[in-house]
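In the numbering used here, the protein residues as written are 1 to 410.
Note that beta-carbon positions come from the ideal geometry of N, C-alpha and C, so glycine has one too.
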Ligand SMILES: Nc1ncnc2c1ncn2[C@@H]1O[C@H](COP(=O)(O)OP(=O)(O)OP(=O)(O)O)[C@@H](O)[C@H]1O
Ligand SMILES: [Mg+2]
């Protein structure tokens, strides 16, 4: 698929952006903090309903505005669809498909598909399990939108169940047996719900991982052929972990979760915490015999994070989809070999958007349309704008005058 048009209204630093897009490569060039990533973030939000940078929506709404709008005209296998998402401060967000309001936001999932690679992705390797769970879940939901509802409901069940555990723990401490018996009954109901939803999520993640794993392993080998082989595995945190091949069966996972909930109930009540379920699991990344986290070098970490994204791209393709590839400020960080490997992949993708502070950071082989992004105005009127658009083939030597903050222009 590709985007033919992108429209931003009061999205972060953009009061208004109307950007015509074409298949092939588009680069957004501009100095630090001028609003390039904001554009890629907006596309990512249309694709996954969440930002790759922030947990809530508020920071994406332009300071002083009440609503941010992201709209796109998407072209997919001969069909064109308009999709629009309104992020509202203080009330529910809204979505439209071909100008008709959607009942649920998730109705727009799948219209825009994207794979984004950004410096923040280093946290996939180095960061906490939550970062890796988020990547798995995002990818899972983009490919199977129905699981998005399960994910939202799971979070809500988890919140309510945790509140109940805290009150159970209080009732028991105060020796109120009637009250604690009632709480325990209610807890049984929540356990059932947690196990049912949790099982679908665990099964969905493991099913995803079985398909993703060989693609990531291959992508890593392509990027870092001299390194030890990369591998990934799901860490299902229950006492008796069944064989991974059985874990794609939600009924079996549900039974395992229920048994584990029974086994750990005392502990959960004592600590007032939900200790069982997919919110405790992890995606283990390893290089050779060692976990990547804590052992991988800087370059290996970059390669692994990039391989996870390129593997995701290949997974979409294996499904017959062609997501937009969003590369945020990544070429400057890569050595020559990895730049070339990434440029090779990008050259074969239907649509790629690249941001860079300096034009020369983008490999010469990736010709396309270039837009210059600048921040203008003062105070409340400070905002991003596009000043110049031209085919990259027309580029002269004027990049030499651009302020460079990265040193070596090779
Ligand atoms: N909600 C908002 N309202 C107004 N401006 C915002 C908002 N959120 C972010 N900005 C502005 O957007 C700018 C950052 O934009 P962005 O992250 O896209 O920069 P960038 O061009 O990618 O920079 P870099 O090259 O450093 O990555 C900052 O100047 C920030 O003040
Ligand atoms: Mg940026």
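Assuming the contact rule is C-beta atoms closer than 8 Å, residue i and residue j should be a hit. Round their C-beta distance to whole Å, please.
| i | j | result |
| --- | --- | --- |
| residue 34 | residue 297 | Between residue 297 and residue 34 the Cβ distance is about 32 Å, and since that is not below 8 Å, they are no contact. |
| residue 341 | residue 366 | Actually they are not in contact, since the Cβ atoms of residue 341 and residue 366 sit about 13 Å apart, beyond 8 Å. |
| residue 83 | residue 71 | 7 Å |
| residue 2 | residue 350 | 5 Å |
| residue 387 | residue 37 | That belief does not hold up - the Cβ atoms of residue 387 and residue 37 are roughly 18 Å apart, past 8 Å. |
| residue 165 | residue 272 | 5 Å |
| residue 411 | residue 142 | In the structure as shown, the chain starts at 1 and stops at 410, and residue 411 therefore has no counterpart that could be examined. |
| residue 311 | residue 216 | 3 Å |
| residue 75 | residue 4 | 5 Å |
| residue 184 | residue 168 | 7 Å |
| residue 81 | residue 302 | Their Cβ separation, rounded to whole angstroms, is 35 Å, which puts residue 81 and residue 302 out of contact at 8 Å. |
| residue 172 | residue 269 | 6 Å |
| residue 29 | residue 377 | About 20 Å separates the two Cβ atoms, so there is no contact after all. |
Beta carbon of residue i: closer than 7 Å to some heavy atom of ligand 1?
| i | result |
| --- | --- |
| residue 44 | no |
| residue 63 | yes |
| residue 273 | no |
| residue 33 | yes |
| residue 375 | yes |
| residue 385 | no |
| residue 51 | no |
| residue 379 | no |
| residue 12 | yes |
| residue 323 | no |
| residue 30 | yes |
| residue 86 | no |
| residue 60 | yes |
| residue 77 | no |
| residue 332 | no |
| residue 123 | no |
| residue 199 | no |
| residue 357 | yes |
Starting from residue i and walking both ways along the alpha helix (DSSP H), at which residues does that stretch end?
| i | result |
| --- | --- |
| residue 132 | 129 to 143 |
| residue 264 | 250 to 271 |
| residue 43 | 36 to 48 |
| residue 214 | 177 to 223 |
| residue 301 | 298 to 318 |
| residue 337 | 336 to 347 |
| residue 352 | Careful: residue 352 lies outside any alpha helix (DSSP H), inside the beta strand (DSSP E) at 351 to 356. |
| residue 163 | 146 to 173 |
| residue 124 | 122 to 126 |
Name the two residues that bound the continuous beta strand (DSSP E) containing residue i.
| i | result |
| --- | --- |
| residue 117 | 114 to 117 |
| residue 286 | 282 to 287 |
| residue 75 | 67 to 76 |
| residue 378 | Careful: residue 378 lies outside any beta strand (DSSP E) and carries neither H nor E. |
| residue 16 | 14 to 20 |
| residue 96 | 94 to 97 |
| residue 292 | Element bounds for residue 292: n/a, residue is neither H nor E. |
| residue 29 | 24 to 29 |
| residue 83 | 79 to 88 |
| residue 325 | 324 to 328 |
| residue 11 | 2 to 11 |
| residue 247 | Run containing residue 247: none; DSSP gives neither H nor E here. |
Can you check which of these residues, the options, is closest to residue i by C-alpha distance?
| i | options | result |
| --- | --- | --- |
| residue 152 | 39, 314, 106 and 5 | 106 |
| residue 289 | 228, 338, 65 and 302 | 228 |
| residue 325 | 338, 178, 335 and 306 | 306 |
| residue 418 | 214, 343, 57 and 259 | Outside the shown range of the chain, which is 1 to 410, sits residue 418, and nothing can be said about it. |
| residue 133 | 332, 320 and 282 | 282 |
| residue 218 | 344, 327 and 308 | 308 |
| residue 62 | 49, 252, 331 and 42 | 42 |
| residue 40 | 113, 102, 98 and 91 | 113 |
| residue 233 | 224, 249 and 207 | 207 |
| residue 198 | 121, 280 and 343 | 280 |
| residue 154 | 196, 172 and 181 | 196 |
| residue 87 | 9, 163 and 17 | 9 |
| residue 15 | 362, 68 and 261 | 68 |
| residue 261 | 213, 189, 319 and 304 | 189 |
Would the beta-carbon of residue i be found less than 7 Å away from any heavy atom of ligand 4?
| i | result |
| --- | --- |
| residue 54 | This structure simply doesn't include ligand 4; it includes ligand 1 and ligand 2 instead. |
In chain order, what residues have a CB nearer than 7 Å to some heavy atom of ligand 2?
36, 37, 328, 329 and 355
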